[in-house]
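K.L.:
First, the structure itself, so that you have it in front of you.
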């Protein structure tokens, strides 16, 4: 049976290791000679037989001479064979050559046979771990990941991290965020532990002592729980440290878990008894089995066993060995300790996925084939479900013939920068280390270090090339569509990487199989959509609605408009119809689809195929192994959602025309938003505070609001709103008999019925929920605001007792409503917030809901903003900073690799929206807080432009063309107020507008149409939205104020804004940076360093004059030859201004030539290297 190349190379390597013994090599050599002689004798006999059988040859040749000639040939061949065997023997003895012959390229299947560690089979069959003292983690992440990505657990000591280093940059693909310990008071030390993202792991802080460096994690492998501890004991630690370590281990044993594994660097040499007595005593005390047998720490002259692996039971660990050092550690050589748990891993699961290559489709043929289909014959049948199936099958069958598609296998991969050259160097390094370890000869150690460093550099260069390739793709956005551009961006951002679902903990068992996990999730999600309505009776409802909507007719134009608004990046549902197919064929299929939709409406049946949903579990927070920490994302049929969109238009217009939706509801309302509601709430808050009053707020929490809508109650309310006849019948069918299944890695759970709730992921679902919750505002005394299921109450307090009575009355009414309509409000998560500026606030009576005392908090996050009990924004600003800072670190990583355009796009899309969400609401922040935010934007500007810390903020904003955040907030307030004035925002915001001047007196004045700012006593109110924006809006030209056009208003606001020429973004990244630094006068030229007090003299090295921009670019004799080479093609008078900023009188191409010439001059002059 033939063997693979990998096995052949491995066997050859084993053979060569064996022949390093001289005696055995002699034996093999003799054996080789005998084999060759026997082979040659066989050849001689064969030739003799042929000669005898060939009479003509026999006659022509003398037998004796033939014999002698042949035997002479045999002797020559024997000598040659002996020579080559001897060469083989000598090469084997040398030990420093490539012992695995054959081509370096091997298949991925074969490569798995060759372990990363020569002495330990880290196969896919068992969970594995590694410990290594890394002596600085951040700089070695790429090498560590490339070398160790096959292991389940990675534990590193001496990471040398501090709290500021803990960021997404430390993440490794395929691993969860690391568990880290950082020294709080000094540099050095530190521990980080990485666990594969499919493993359930949680940190056990209760086992860790502050007096030592350790991390304990609890992991689940297979069906067993393990405690995995990593320790670092610094050299020369006091003796009491051993007591603390023993105490921590005792805590672990007291948990009752029997599987305990301890790794780490204890700095106690177990090879020398008098240096490790405390460690030995500890191992004996806890009956720990220490499994490392050889040295783990080497110098050129000594070896020590400092890094240990021990277990509570020797059977917990399957294998444990010491590998070779692969990090660049010039003084000390710490070797990794590897091990495998005695627990078998589930087999790796790959699955097939069908991929459509839409960009390569022949859509002319596709549309031509669709035109020849008799759609009426396919659709006009008695069964709507058959009609839908006919339409879907026909569309997909034709698409398959016109659009390339293929099945791909989805599986986990190696690091994307891994290459055969890296694999070869790793094997070579292992052999060199093994030899140096055996001989302890300095030359052998030197050779090992040489190979090791080459391997490290090759890995780093490969990773850099991989990143540069991705960055090069981003520099050419025209070559990518938006989706592919962002996909490339996400591949560069560590915190955007998707991680698989780990084994789930359920009823004290561990579930690892994907089908079983999908079934568990499906049962859990369906259970959330279950209510007990067996004894429920419909409440009496009295809606004063004299209008009805009984039927809808969907036109082909309705369908076409809906298709044209489809987002082609959206995921498909169970019917596999992609929105791209619908968009490409919109003119052909809009009529058949309108016929299909109308058949559904007239029959009162929503097709079964469109009621089915594929559900994906998405992690929300905390432990990934707990079912309750996930939420479902449902994928429905795109065609079914098209029909929903058409119906939504008619139903929503009907509700809007008759003002049937509560004005207190802002969720899913056209023209409304969370910011509008927050603006109204905070206006009342600051106005009350300005009058010396307090505000008491209650934020109600509804459990699974959308998932537990009572279908019978919803249909009753639809009827009350005027939805009657066949349309009501259609809605009833739309809600009932819906089903879903969960999909995980190509495995599908069984279908399950959904018995309550509005369809998740649907178009009509949010509107139906608004109708269901609409009457909750009835008979409420306090101010009530709804945003979908977010329900908030607040009162302005004149009397604490009366306010509490009113709020408790409202809470009872809401509870009664929830009981009647089978809605579950959660009192334990419902919070109350008292906002006051009083030093001595009076006592406020408690609030209750369903006889449960509500908790009072100092701040509450509502609709994305954090409201505080003092009316300030400290908590919210700190939250913004905590979100922006990690993203700036990510941006900083690509400062020298991504082009300026890409960096700016990343800032505009990933960071600036965080600064600006709801900024018109919290613009009354303090000056200090405003400066904190501004400094973060300036840091982003420095990253984008390449500016330095000492760059002037004015020059930074001129270089980028950005507005300061404070100025942007003013513009946003003006635009929002303009919308209020012209009725473009909800009525409740128009109601808070103050009176105009001409409404107070009859005088015809120049400012008659201006608004009068409300009187303010406090700066908090004066700087809030309404009082601060009115003077800004009043100062606008009358023509702008009277025109409702938002476009004209924005154009007016942006008129004085400096626009950055597009050629500022040209050139390679290094040229861009140095060119921009010259423009911003923050370059390393001596004149500018001198004026920043960084050097003593501004004089140029040429000693002619100060080293200014003009001197460097036009006059310095040191760079005359480079200037002649780069600027000779510029056929017009040059000045510093033109070379740095271009010339508006020149064409774009001419300015582009100038900029490319300047950047070439900067680079070849090497002035800034």
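In this note's numbering, the protein residues as written are 1314 to 2482. No residue lacks a Cβ here, since even glycine has one placed at the ideal position from N, Cα and C.
What's the gap between the Cα of residue 1433 and the Cα of residue 1634?
P.N.:
Taking the first residue of the chain shown as position 1, residue 1433 is located at position 120. Taking the first residue of the chain shown as position 1, residue 1634 is located at position 321. Bear in mind that a pLDDT of 45 at residue 1433, under 50, signals an unreliable position, so the number given afterwards is only what the model happens to contain. Near 7 Å, if we compare the C-alpha coordinates of residue 1634 and residue 1433.
K.L.:
Among 2011, 2026, 1526, which has the Cα closest to the Cα of residue 2120?
P.N.:
On the chain shown, position 807 is the one that residue 2120 refers to. The option with the nearest alpha carbon to residue 2120 is 2011.
K.L.:
For residue 2051, count the other beta carbons within 10 Å of its own beta carbon; 16 or more makes it buried, fewer makes it exposed. Which is it?
P.N.:
Against the chain shown, residue 2051 aligns to sequence position 738. Looking at its Cβ environment, which holds 16 or more other Cβ atoms inside 10 Å, residue 2051 is buried.
K.L.:
Decide if residue 2471 is buried, meaning its Cβ has at least 16 other Cβ atoms within 10 Å, or exposed.
P.N.:
Start at 1 with the first residue of the chain shown, and residue 2471 comes out as number 1158. Classification for residue 2471: buried.
K.L.:
The beta strand (DSSP E) that contains residue 2010, what's its start and end?
P.N.:
Looking up residue 2010 in the chain shown gives position 697. Element bounds for residue 2010: 2007-2013.
K.L.:
As a quick exercise: from 1763, 1774, 2252, pick the residue whose alpha carbon is nearest that of residue 1642.
P.N.:
Along the chain shown, read from residue 1 onward, the residue named residue 1642 stands at position 329. With distances taken between Cα atoms, residue 1642 lies closest to 1763.
K.L.:
Taking the straight line between their C-alpha atoms, what separation do you get for residue 2382 and residue 2428?
P.N.:
Reading the chain shown from its first residue, position 1069 is the one you call residue 2382. Reading the chain shown from its first residue, position 1115 is the one you call residue 2428. One C-alpha to the other measures close to 26 Å.
K.L.:
The alpha helix (DSSP H) with residue 1815 in it runs from where to where?
P.N.:
What you label residue 1815 is simply residue 502 of the chain shown in a count that begins at 1. From DSSP, residue 1815 is part of no alpha helix (DSSP H); its letter is neither H nor E.
K.L.:
CB-CB under 7 Å to residue 2061, same chain, minus the five flanking residues each way: which ones, in chain order?
P.N.:
The residue given as residue 2061 occupies position 748 in the chain shown. So the list reads 1831, 2054, once near-sequence residues are dropped.
K.L.:
Can you tell me where the alpha helix (DSSP H) holding residue 2387 begins and where it ends?
P.N.:
For the purposes of this step, residue 2387 is taken as residue 1074 along the chain shown, with counting starting at 1. Run containing residue 2387: 2382-2392, per the alpha helix (DSSP H) assignment.
K.L.:
Considering just the uninterrupted stretch of the alpha helix (DSSP H) at residue 2332, what are its terminal residues?
P.N.:
Stepping through the chain shown from its first residue, residue 2332 is reached at position 1019. Taken as a continuous stretch (DSSP letters only), the alpha helix (DSSP H) holding residue 2332 covers 2332-2335.
K.L.:
Residues bridged to residue 2088 by DSSP?
P.N.:
Position 775 of the chain shown, counted from the start, is the residue given in the question as residue 2088. Bridge partners of residue 2088: none, in fact.
K.L.:
If the criterion is Cβ atoms closer than 8 Å, does the pair residue 2253 and residue 2204 meet it?
P.N.:
Locating residue 2253 in the chain shown gives position 940, counting from the first residue. Locating residue 2204 in the chain shown gives position 891, counting from the first residue. Closer than 8 Å, so yes.
K.L.:
If we ignore side chains and look at the alpha-carbon of each, how far apart do residue 1423 and residue 2272 end up?
P.N.:
Taking the first residue of the chain shown as 1, we reach residue 1423 at position 110. Taking the first residue of the chain shown as 1, we reach residue 2272 at position 959. Any reading at residue 1423 must be qualified, since the residue scores a pLDDT of 31, below 50, and its modelled position is unreliable; the value itself is stated next. Cα-Cα distance, rounded: 54 Å.
K.L.:
Could you give the uninterrupted runs of the beta strand (DSSP E) lying entirely in the segment 1507-1552, keeping only those of 3 residues or more?
P.N.:
The segment 1507-1552 contains these whole beta strand (DSSP E) runs: 1513-1516, 1526-1534, 1537-1545.
K.L.:
Nearest to residue 2466 by alpha carbon, out of 2414, 2398, 2422, 2375?
P.N.:
Counting from 1 along the chain shown, the entry for residue 2466 is found at position 1153. Minimum Cα distance to residue 2466 is reached at 2375.
K.L.:
May I ask you to check if the CB of residue 2133 is nearer than 7 Å to at least one heavy atom of the ligand NAD?
P.N.:
This structure lacks the ligand NAD, and indeed carries no ligand of any kind.
K.L.:
I want to know whether the segment 1835-1842 touches the segment 1546-1556 - three or more CB-CB distances under 8 Å.
P.N.:
Taking 8 Å as the limit for Cβ pairs, the verdict is that the segment 1546-1556 does not touch the segment 1835-1842.
K.L.:
Measuring only the C-alpha atoms, how far is residue 1329 from residue 1734?
P.N.:
Taking the first residue of the chain shown as 1, we reach residue 1329 at position 16. Taking the first residue of the chain shown as 1, we reach residue 1734 at position 421. Only weak support exists for where residue 1329 lies, its pLDDT of 43 falling under 50; the value from the coordinates is given anyway. Between residue 1329 and residue 1734, the C-alpha separation is close to 22 Å.
K.L.:
From residue 2223 to residue 2200, what distance separates their C-alpha atoms?
P.N.:
Position 910 of the chain shown, counted from the first residue, corresponds to residue 2223. Position 887 of the chain shown, counted from the first residue, corresponds to residue 2200. Whole-angstrom Cα-Cα distance: 8 Å.
K.L.:
So, are the CB atoms of residue 1609 and residue 1601 less than 8 Å apart?
P.N.:
Your numbering for residue 1609 matches position 296 in the chain shown. Your numbering for residue 1601 matches position 288 in the chain shown. Contact flag unset, no.
K.L.:
Our contact map puts residue 1842 next to residue 2070 with C-beta atoms below 8 Å; I'd like the distance itself, whole angstroms only.
P.N.:
For the purposes of this step, residue 1842 is taken as the residue at position 529 of the chain shown. For the purposes of this step, residue 2070 is taken as the residue at position 757 of the chain shown. Going by Cβ atoms, the distance from residue 1842 to residue 2070 rounds to 4 Å, so yes, they are a contact pair.
K.L.:
Taking all protein chains shown into account, decide if residue 1637 is buried (16 or more other Cβ within 10 angstroms of its Cβ) or exposed.
P.N.:
For the purposes of this step, residue 1637 is identified with residue 324 of the chain shown, where counting begins at 1. Buried is the call here.
K.L.:
Taking the beta strand (DSSP E) that residue 1442 belongs to, which residues open and close that run?
P.N.:
In the chain shown, residue 1442 corresponds to position 129, counting from 1. First-last of the beta strand (DSSP E) with residue 1442: 1439-1446.
K.L.:
Using alpha carbons as the reference points, say which of 1469, 1883, 1970 lies closest to residue 1947.
P.N.:
Sequence index remark: in the chain shown, residue 1947 carries index 634 (1-based). For residue 1947, the nearest C-alpha among the options comes from 1883.
K.L.:
Alpha carbon to alpha carbon, what distance is there between residue 2474 and residue 2446?
P.N.:
On the chain shown, residue 2446 is found 1133 positions in, with the first residue counted as 1. On the chain shown, residue 2474 is found 1161 positions in, with the first residue counted as 1. Spanning the two alpha carbons is a distance of roughly 17 Å.
K.L.:
Which residue wins for smallest C-alpha separation from residue 2147, given the options 2047, 2370, 1489, 2185?
P.N.:
Stepping through the chain shown from its first residue, residue 2147 is reached at position 834. Among 2047, 2370, 1489, 2185, the Cα nearest to that of residue 2147 is on 2185.
K.L.:
Does the Cβ of residue 2401 have 16 or more other Cβ atoms within 10 Å, making it buried, or fewer, making it exposed?
P.N.:
Counting from one through the chain shown, the residue named residue 2401 turns up at place 1088. Per the 10 Å Cβ criterion, buried.
K.L.:
Between 2014, 2158, 2032, 2218, which lies nearest to residue 2106 when the distance is taken from Cα to Cα?
P.N.:
In the chain shown, residue 2106 corresponds to position 793, counting from 1. For the residues 2014, 2158, 2032, 2218, the minimum Cα distance to residue 2106 belongs to 2014.
K.L.:
What is the DSSP secondary structure of residue 1363, counted as helix, strand or coil?
P.N.:
Indexing the chain shown from 1 puts residue 1363 at position 50. At residue 1363, the pLDDT of 46 sits below 50, so the modelled position is not reliable and the matter cannot be decided from this model.
K.L.:
Inspect the beta-carbon positions of residue 1525 and residue 1492 and report whether they are closer than 8 Å.
P.N.:
As a position in the chain shown, residue 1525 is number 212, starting the count at 1. As a position in the chain shown, residue 1492 is number 179, starting the count at 1. Going by C-beta atoms, residue 1525 is not nearer than 8 Å to residue 1492.
K.L.:
Cα-Cα, which of 1566, 2438, 1817 is closest to residue 1517?
P.N.:
Numbered from 1 along the chain shown, position 204 holds the residue referred to as residue 1517. Considering only alpha carbons, the answer is 1566.
K.L.:
Secondary structure at residue 1669, three-state DSSP: helix, strand or coil?
P.N.:
Position 356 of the chain shown, counted from the first residue, corresponds to residue 1669. Three-state DSSP puts residue 1669 in a strand.
K.L.:
By how many angstroms is the C-alpha of residue 1802 removed from the C-alpha of residue 2482?
P.N.:
On the chain shown, position 1169 is the one that residue 2482 refers to. On the chain shown, position 489 is the one that residue 1802 refers to. Rounded to whole angstroms, residue 2482 to residue 1802 spans 29 Å at the Cα level.
K.L.:
Given residue 2231, which residues of its chain have a CB within under 7 Å of its CB, disregarding the five upstream and five downstream residues?
P.N.:
Position 918 of the chain shown, counting from 1, holds the residue named residue 2231. Taken in chain order, the residues that qualify are 1988, 1991, 2177, 2178.
K.L.:
Near residue 2092, what residues of its chain come up, given a Cβ to Cβ distance below 7 Å and the 5 sequence neighbours on each side ignored?
P.N.:
Indexing the chain shown from 1 puts residue 2092 at position 779. Cβ within range, chain order: 2126.
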